[in-house]
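Chains Z and L, in that order, are what the protein sequence lines are. Our numbering runs 5 ahead of the 1-based position in the first sequence. Our numbering runs 49 ahead of the 1-based position in the second sequence. The beta carbon of each residue, even a glycine, is placed where N, CA and C say it ideally should be. First the structure, in the form of structure tokens, and then the observations on it.
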Amino acid sequence: MRRASTLCSFAKGAPLRLLSTSSTRQGPQVCVVGAGPAGFYVTQHLVKTLPEANVDIYEKLPVPFGLVRFGVAPDHPEVKNVINTFTKTAQNPRVRFVGNVSLGKDLSLQELQRLYHAVILTYGAEHDKSLGIPGEDLGNILSARRFVGWYNGQPGDENLNPDLSTDTVAVLGQGNVALDVARVLLAPIDYLKSTDITAHSLEALSKSQVKRVMLIGRRGPVQAAFTIKELREMLKMEGCKSVFRQDDFKGVQEFLPSVARPRKRLTELLAQAALDPKAEWLEAWKTAERSFEPIFYRSPAAFLPSSSKAGTVGAVKLAVTELQGEMSETQGVKNTGAFEDVKCGLVLRSIGYKGLPADPDIPFDSKSGVVRNSKGRVEGLPGVYCGGWLGTGPVGVIVNTMGNAFELGRLIEGDIKDGTINATTAKPGYLEAAKILDNKGVQAVSFKDWEKIDQEEQNRGKAIDKPREKIVSVSEMLKVVAN
Amino acid sequence: MKTAAACLWTIHCRALSLSARQTGKRAIRKLLSERLSASLCRAAVRPQLAALLRSTSSTLPPASRFLSTSARLMSQEETISVTFIRADGKKISAKGKEGDSLLDVVVNKEVDLDGFGACEGTLTCSTCHVILSKEVYASLARPTDEELDMLDLAFDLTDTSRLGCQITLTKELDGLEVNVPASVNGARQ
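Here it is, written out as structure tokens:
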């Protein structure tokens with residue numbers, strides 16, 4: 006294809022690229038940083054609408070797919086079906102996956118701006134918020150994000166070593182991540198062992214002493230951030246009963262008629278579970294040995310040390326809150342001045358993820374953990390865009406990220422087509438990037454290389470009746486590629 | 050609650066009774082999403098079902114219909130016309146067979162709807178969201194809680210919204226027109 010177009014340009018009297026040392030490529034050169042859903046969906050849009058474009062997707066890890074691989078719970082494999090769509094995109098001849106290459110470390114933003122017409126930052130949010138309260142550095146207070154990374158094989162989290170010898174866990178936060186970690190802690194081991202959960206976490210969970218998991222939120226049932234499907238799963242979890250505080254539900258039934266269907270159905274289910282549980286649930290809960298305990302209107306004020314295990318958390322001091330103003334989904338709370346202590350041996354903090362600037366040139370709002378941008382155009386950097394959680398904040402499931410990424414794709418497509426991005430001056434794209442990486446001794450991983458890792462993981466899983474056994478160390482992934 | 054074995058047998062029978070034109074894997078995945086709402090059932094049968102999925106060939110042999118509990122024969126021909134109206138106004142028509150879901154039609158006929166059916170019909174996303182007319186909506190069987198749970202996360206949800214992977218084509222639906230909402234597809238206002 007390239008030779009034909011080079012001949013054409015020769016025929017038109019254009020510079021003799023046949024004889025050049027091929028320092029540039031035809032068509033818009035686009036690079037995407039971060040091979041998760043946002044990166045893949047924006048790529049999908051651009052290769053569809055710009056037939057001449059080349060898109061290179063850079064990824065810090067040797068393996069693609071971001072939170073679809075590392076965030077989605079092991080017992081939700083159908084959510085990961087999107088990987089098939091992403092694989093199709095990656096296999097397009099104009100798309101190149103470049104794994105094991107890190108923005109800020111192996112390539113700078115300035116270099117990418119020089120080599121590509123457009124740079125799209127979609128590397129998500131790989132850190133999480135902390136509470137900033139006394140005692141937060143006590144042992145066994147962990148981020149839920151890292152706990153998820155531990156059971157999902159995120160390189161770097163395999164040695165988290167959560168101490169599961171306690172019988173009570175406090176999960177702080179009431180989003181889907183909080184529900185996921187609660188579910189993994191409360192599920193019967195048989196439920197987990199034929200999923201792609203990592204071997205080391207399965208081993209630890211099989212010895213877990215955890216019996217109670219509290220899910221603690223500052224606000225009320227009407228403001229709960231988790232979604233109904235995940236709540237239903239918890240209410241039906243084998244061997245586990247759901248225990249609510251009826252007082253938390255004052256005023257909730259009165260609120261229901263005024264609200265839109267999604268919030269209404271969720272709140273109805275919550276209220277039913279708390280105030281009038283179905284006979285079939287009650288029957289199952291009678292013999293349950295474990296419990297799931299959502300607690301509302303409590304905000305963590307301090308962590309208290311354990312009296313038996315030095316240096317480890319023993320309890321959380323919770324400030325009692327109450328809602329301000331009229332009940333609504335977005336209502337705020339204030340502290341009443343009262344407190345309640347709850348004993349626990351493990352705390353999982355699940356109050357939100359946070360992004361970081363991978364490169365010093367990226368204008369960043371550190372308070373919100375988001376790149377400063379206007380509709381996806383990064384402030385002050387023409388030709389640089391951002392999308393997904395890095396641009397919108399770390400909230401949303403696949404459908405939200407998809408919508409955002411397609412919108413960003415349309416914006417960039419428009420910018421290229423109307424000349425806002427001057428794609429007529431040729432840029433070298435990967436031709437040059439490969440040289441820089443080579444000089445630095447960076448081993449870039451291609452999509453075919455990933456397929457080798459993928460196959461190896463599936464083979465290892467087959468032997469033990471799991472869909473795959475994830476490889477959790479980067480060096481081992483690179484060894485598999487090298488073989 | 051059904052035992053794992055009972056689940057498997059029911060699914061096996063139903064799988065065999067489906068039309069041979071449907072790809073085996075999609076048919077079984079559809080059954081999985083319909084049947085496996087109980088967590089335990091899902092966990093216990095998953096390895097066996099995974100094996101069943103792997104072993105299913107791409108088309109089911111018609112001769113195995115003798116195990117079907119339903120005597121109704123489904124048409125092999127693509128006689129049912131569906132029109133998808135995108136948010137940007139473009140209308141795309143395609144034909145499907147009885148028993149196809151709307152998602153099947155989009156996939157089989159490569160209907161140009163970006164992002165439609167991300168989870169491949171397993172009721173774990175809301176990207177096949179379509180909006181029906183009041184009459185058509187009322188004529189269909191009520192959506193299950195499982196479908197509503199995912200539909201609740203869709204953009205631009207309406208009272209006549211459904212997930213396309215849960216709508217099965219029948220002769221009565223010939224000429225069906227559905228709106229595909231803005232946010233996943235086409236220009237957003």
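Counted within 10 angstroms of its Cβ, other Cβ atoms place residue i as buried (16 or more) or exposed
i	result
residue 343 of chain Z	exposed
residue 277 of chain Z	exposed
residue 210 of chain L	buried
residue 478 of chain Z	exposed
residue 160 of chain Z	buried
residue 137 of chain Z	exposed
residue 191 of chain L	exposed
residue 140 of chain L	exposed
residue 88 of chain L	With a pLDDT of 41 at residue 88 of chain L, under the threshold of 50, the predicted position of this residue should be treated as unreliable, though the coordinate-derived value follows. It is buried - the Cβ of residue 88 of chain L has at least 16 other Cβ atoms within 10 Å.
residue 385 of chain Z	exposed
is_contact[residue i, chain Z] using C-beta, thresh 9 Å
i	result
residue 201 of chain L	yes
residue 189 of chain L	no
residue 197 of chain L	yes
residue 206 of chain L	yes
residue 175 of chain L	yes
residue 172 of chain L	yes
residue 169 of chain L	yes
residue 213 of chain L	no
residue 95 of chain L	Residue placement at residue 95 of chain L is flagged as unreliable, the pLDDT there being 48, under the threshold of 50; the coordinate-derived value follows with that caveat. Closer than 9 Å to some Cβ of chain Z, the Cβ of residue 95 of chain L qualifies, so yes.
residue 194 of chain L	yes
residue 73 of chain L	Residue placement at residue 73 of chain L is flagged as unreliable, the pLDDT there being 45, under the threshold of 50; a coordinate-derived value is accordingly withheld.
residue 163 of chain L	yes
N-terminal and C-terminal residue of the alpha helix (DSSP H) that residue i is part of
i	result
residue 48 of chain Z	42-54
residue 267 of chain Z	266-280
residue 92 of chain Z	87-95
residue 205 of chain Z	204-211
residue 363 of chain Z	Careful: residue 363 of chain Z lies outside any alpha helix (DSSP H) and carries neither H nor E.
residue 396 of chain Z	394-397
residue 188 of chain L	183-188
residue 157 of chain Z	149-157
Endpoints, beta strand (DSSP E) assigned at residue i
i	result
residue 156 of chain L	Element bounds for residue 156 of chain L: not the beta strand (DSSP E) but the alpha helix (DSSP H), 151-157.
residue 145 of chain L	140-145
residue 5 of chain Z	Given that chain Z is displayed from residue 6 to residue 488, the structure contains no residue 5 of chain Z and the question cannot be resolved.
residue 217 of chain Z	217-221
residue 444 of chain Z	Premise fails: residue 444 of chain Z lies in the alpha helix (DSSP H), 435-445, not in any beta strand (DSSP E).
Nonlocal neighbours in the same chain, by C-beta distance under 7 Å from residue i, ignoring five residues either side
i	result
residue 462 of chain Z	473, 474, 475 and 476
residue 181 of chain Z	231, 232 and 235
residue 70 of chain Z	40, 41, 88 and 91
residue 428 of chain Z	33, 122 and 421
residue 380 of chain Z	416
residue 151 of chain Z	162 and 165
residue 256 of chain Z	332
Integer-rounded CB distance, given that residue j should sit under 8 Å from residue i
i	j	result
residue 219 of chain Z	residue 347 of chain Z	6 Å
residue 213 of chain Z	residue 169 of chain Z	4 Å
residue 227 of chain Z	residue 334 of chain Z	6 Å
residue 99 of chain Z	residue 198 of chain L	Their Cβ separation, rounded to whole angstroms, is 38 Å, which puts residue 99 of chain Z and residue 198 of chain L out of contact at 8 Å.
residue 52 of chain Z	residue 105 of chain Z	The Cβ separation is near 23 Å, so there is no contact.
residue 395 of chain Z	residue 375 of chain Z	7 Å
residue 118 of chain Z	residue 388 of chain Z	6 Å
Chain L contact for residue i (CB, 9 Å cutoff)
i	result
residue 46 of chain Z	yes
residue 324 of chain Z	no
residue 474 of chain Z	no
residue 249 of chain Z	no
residue 163 of chain Z	no
residue 403 of chain Z	yes
residue 267 of chain Z	yes
residue 411 of chain Z	yes
residue 96 of chain Z	no
residue 335 of chain Z	no
residue 237 of chain Z	yes
Neighbourhood of residue i by C-beta, 6 Å cutoff - its chain only, sequence neighbours within 5 removed
i	result
residue 80 of chain Z	200
residue 151 of chain L	213 and 216
residue 246 of chain Z	290, 293 and 296
residue 174 of chain L	167 and 168
Same chain, Cβ closer than 8 Å to residue i, five either side skipped, listed in chain order
i	result
residue 129 of chain L	144, 145, 146, 147, 149, 218, 219, 220, 222, 223 and 225
residue 329 of chain Z	336, 337, 338 and 339
residue 274 of chain Z	233, 236, 237 and 240
residue 399 of chain Z	129, 130, 357, 358, 359, 360 and 374
residue 116 of chain Z	438 and 441
residue 155 of chain L	133, 143, 162, 165, 166, 177 and 213
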